[in-house]
Every structure is written in structure tokens, then in C-alpha cells.
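If you're matching positions, the sequence shown starts at 430 in our numbering and goes up one per residue. We put the CB at the ideal spot given by N, CA and C, even for glycine. For reference, the structure discussed in these notes is given below.
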Amino acid sequence: MVDGKMHLPAELSIPSEEDISPTKSNQRLTHKRSRSLECTNDNAEVAFEVVSDDERTIYIRERRRLKQIRYRAKKRRLLVELDGDIAKLQGEIQDFEARRQDLSLKQTVWDVTAKYFNIFRHGSNWELLSRCFDNFDVQLQKQGKVGTNSLIATTTTRIIISYATLQYVFPHLNSDNMGGINGGQWSSLASKMLRQRIVVHSSVRFDWDSAHAQIVSIHSQSDLLTPLLHLLGNLEDVSHVFDKALITPNFRLTSRN
């Protein structure tokens, strides 16, 4: 003991905390002998802890083993939870599918007919017609069964013949045959038709497959000829109006030849 402190031989020198850290222990622990871990001032007790290479190796292996056990347990728990969620979703899908099939079986031709007019009243042909005629308005009037598996729905379409109608639908009524693009003069028939309101009556037939609760065919027809006949007064003028028109007497738009 010197200056009130105990000095140990070199082989029993006190290692620092850094010396016994896991990162440096492989370099420091080379002998299977005891080393001093702590030394205090006068009258202090010296504590020793024996740490061998074999014990440290066993300790590290045990920590790794416990860590792997915890990891595998967590993985198994997540897999069990995932399987439960999948089973729950599959059950919900089956429930929704059963409800969908039940609703399909309860669906009738009356329901489908109403949906048809709600959806297809904004179809391409009707949308184009609404651009060619002012105040384009379609109304479902009535529905009636024909036989066991067919239904006929009737509609009315109210329109006003505008200047755009003459340009895009009846361009041949202008002397330039181009709807006035190159100037020209409109015929007396065009002047007679301009700003007139007419009503077009239409009907749609739905053929129904009750076994599968679905429509198998749709047939529609409209009558533009009759209101124009009432407006112009004779078939000769009506024939001239439809001769090179971009619309048919069945109220269907056609392309320019």
C-alpha cells in the first residue's frame, strides 16, 4: 500500500468499464484468471468478479437464444392475428355476396326499367340530341306488361327547334347545303320550323329473363315524323326535310355522308 492506496500486481490490475465492454472484451479477456473490478481508498474492500471466456460465450449465446425466442413468438402472434383478420374479411365478403344475390333475385323488370331511364337518359344519343335541340326534356309516361316476360315503357320528349338545330340537323335547308357556314339563305321550311316546340313520342320494350332476374333484350322506337307532319302540314314538305337531314324519322342522329 502506497500513499493510502492499494497497488496490485500487473496481472491483477483493475480494468476500466470500457475494458469490460462487449466490444473490447474479445481483446482483453485472454486468460482464465480472476481480475479485480473495483478498488477504493483506505479500509475499502476489494470486490472481485470472475469472468471467463467460456462463461461470456455462454452468456452471449443465451441472450441470442432468448432474443430469437421472443422474435419467433412475436412473429407467430402476428401470423395468428393476420389469419384472424383474413378469416374475418372472408366472412364479410361471403355476407355481402349473399346480400347481393338476394337483392338480385328481388329485382324486378320494373326496377330495371326505371334504372334504365335514369341512366341512359344521359346516353350518347340523347346527349347529342340535347345539344341539337333547345329545352330537351324526356319524361317517362307509363309502363305496362306485355305477356309474361315483357314490359313496354312509353316516354315523351319535348324539344324546341333552334337555329343550332337547323345548322347541325337540317343543314340542307340552307342554300349552301352547309347550314349557312358559307352564307346562303334559309328556305321557307326552315323559317317555318324555327323556334317551334314539338313533342316526340317513344316506346321501349324490355324482354325479361325471370330465371336470372335480368333483361335479355331492349327494343326502342320513336316518332319524329308525326310532329313534323303536324307542323308542316303535308308529307311532301316532311319528305324534303328528312331527305338530307342528319336525323331519322325514328329520332336517331346520323353522320354526314
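- In this structure, DSSP gives GLN497 a helical state, which the three-state scheme calls helix.
- Contact between THR585 and GLN570 holds, with the beta-carbon distance rounding to 6 Å and staying under 8 Å.
- If you draw a straight line from the Cα of LEU658 to the Cα of ASN679, it comes to about 14 Å.
- Looking at the backbone, the Cα of GLY576 and that of SER651 are separated by about 22 Å.
- Comparing C-alpha distances from VAL598 to each of ALA674, ILE515, GLU521, GLN568 shows the shortest one belongs to ALA674.
- In this structure, DSSP gives SER604 a state outside helix and strand, which the three-state scheme calls coil.
- Secondary-structure assignment with DSSP links VAL567 through a beta bridge to THR586.
- Only buried fits ALA619, as 16 or more other CB atoms lie within 10 angstroms of its CB.
- Short of 8 Å from the beta carbon of MET607, and not among the five residues preceding or following it, lie these beta carbons of its own chain, in chain order: PRO600, GLY613.
- Restricting attention to LEU508, ALA516, ASN578, GLU526, the CA atom closest to the CA of THR542 is found in ASN578.
- Around the C-beta of ASN603, 16 or more other C-beta atoms lie within 10 Å, and the residue is accordingly described as buried.
- Under the DSSP definition of a beta bridge, TRP555 lacks any partner.
- Note on VAL645: under 16 other CB atoms within 10 angstroms of its CB, so exposed under the neighbour-count rule.
- In this structure, VAL629 sits near ARG587, with a CB-CB distance shorter than 9 Å.
- In the three-state DSSP reduction, ARG624 falls in the coil class, being neither helix nor strand.
- Judged by DSSP secondary structure, SER668 falls within the alpha helix (DSSP H) whose first and last residues are 664-672.
- Residues ALA593, THR594, TYR597, VAL598 of the same chain have their beta carbon placed closer than 7 Å to that of CYS561, with the five preceding and five following residues left out of the count.
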